[in-house]
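In the numbering used here, the protein residues as written are 2 to 306. All residues carry an ideal CB built from backbone N, CA and C; glycine is no exception. Model, not experiment: these values are computed from the prediction. A short write-up of the structure that comes next.
Encoded structure:
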């Protein structure tokens, strides 16, 4: 029997998310044999006024309610996209710390496995800024007894921090997880179209990342990309992301028990559409179908990946 945690990412969880919606999602997951979800705070703000376009974070009481509703489901959370830790600006870093504190508090109630976040744009001293920030955050996590593990995401745009190897190295130095978005990795030229490239990445994960009872979140989707990298997420079958080949290698290497497979496809079908896309992942794994090589050749702005 496969030891698989699989579901979908990107479900918005805010102060306005009602119990009925949470129950609908939880029921949809269970009905399709899925057992993981990444709740998104991507549009949440710490403070909301008449000029703000954001939404308030869910309350701790809402988080407690969600934990009960999603019992038996592995939960992850995703921080707001406005959070930036690659900057040296003291104001930007203070705001990011405040967001991390809120995410840690909610994550503790939810018993969330991980906290996914984007580091921000690549700029001068970006790596040292990210590393210093994460060291501070890991210290706060330990001192306050928070349970959720930070997981900086592999960036999709080439102007964002950072690619797989850099993210893994930095995360390993500070003792946190990573979020491996394979569509991002593919869009910026990562060698996941070759078995050797995937095996090299698994080797780097084993060498640098200490799981400490956690699983590494993996985002899976199609992608629309240009020479600058990812433009936007897309349905699984769009854009040439080698997701079935990738999953075949993970299964062959007995790596499924170390990760959480989270479908992040963008569809027009709302919650139902996301559930159906995520179900494609678990169905493929249960089929025992083997994809031994990457057969697609997808043109991206005049060149082939």
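Per the Cβ contact rule, the segment 78–86 is in contact with the segment 33–40 (3 or more Cβ pairs under 8 Å). Annotation for residue 118: no alpha helix (DSSP H) segment contains it, though the beta strand (DSSP E) segment containing it runs 115–118. By the Cβ rule, the segment 215–235 counts as touching the segment 250–267, because three or more pairs are nearer than 8 Å. Cβ neighbours of residue 175 within its own chain (closer than 8 Å, five residues either side excluded): 132, 135, 136 and 139.
A straight-line Cα-Cα distance of about 20 Å links residue 142 and residue 209. Here residue 177 is not bridged, per DSSP, to any residue. Between the C-alpha atoms of residue 287 and residue 204 there is a straight-line separation of about 25 Å. The beta carbon of residue 55 is closer than 7 Å to those of 44, 45, 46 and 49 in its chain, skipping five residues each way along the sequence. The C-beta of residue 169 has 16 or more other C-beta atoms within 10 Å across all chains shown, which makes the residue buried.
Using a Cβ-Cβ distance cut-off of 8 Å, the segment 103–111 and the segment 120–128 are not in contact, since fewer than three pairs of beta carbons, one from each stretch, lie closer than that value. With respect to the 8 Å criterion, residue 179 and residue 247 are not classified as neighbours on the basis of their beta carbons. In this chain, the alpha helix (DSSP H) harbouring residue 102 covers 91–111. Residue 182 is bridged by DSSP to 220.
Distance from the CA of residue 18 to the CA of residue 26, rounded to the nearest whole angstrom, comes to 12 Å.
Burial is judged here by how many other beta carbons sit within 10 angstroms of a residue's own beta carbon; residue 87 has at least 16 and is buried. Under DSSP, residue 158 takes part in a beta bridge, and its partners are 230. Counting the other CB atoms within 10 Å of its CB gives residue 29 a total of 16 or more, which places it among the buried residues. Judged by DSSP secondary structure, residue 9 falls within the beta strand (DSSP E) whose first and last residues are 6–13.
Relative to residue 115, the option among 68, 216 and 94 whose CA is nearest is 216.
One alpha carbon belongs to residue 254, the other to residue 90, and they sit about 43 Å apart. With respect to the C-alpha of residue 185, the residue from 113, 258 and 230 having the closest C-alpha is 230. Between residue 218 and residue 160, the CB-CB gap reaches or exceeds 8 Å.
Within a 10 Å sphere around the beta-carbon of residue 150 sit 16 or more other beta-carbons, which makes this residue buried. C-alpha of residue 32 to C-alpha of residue 24: approximately 12 Å in a straight line.
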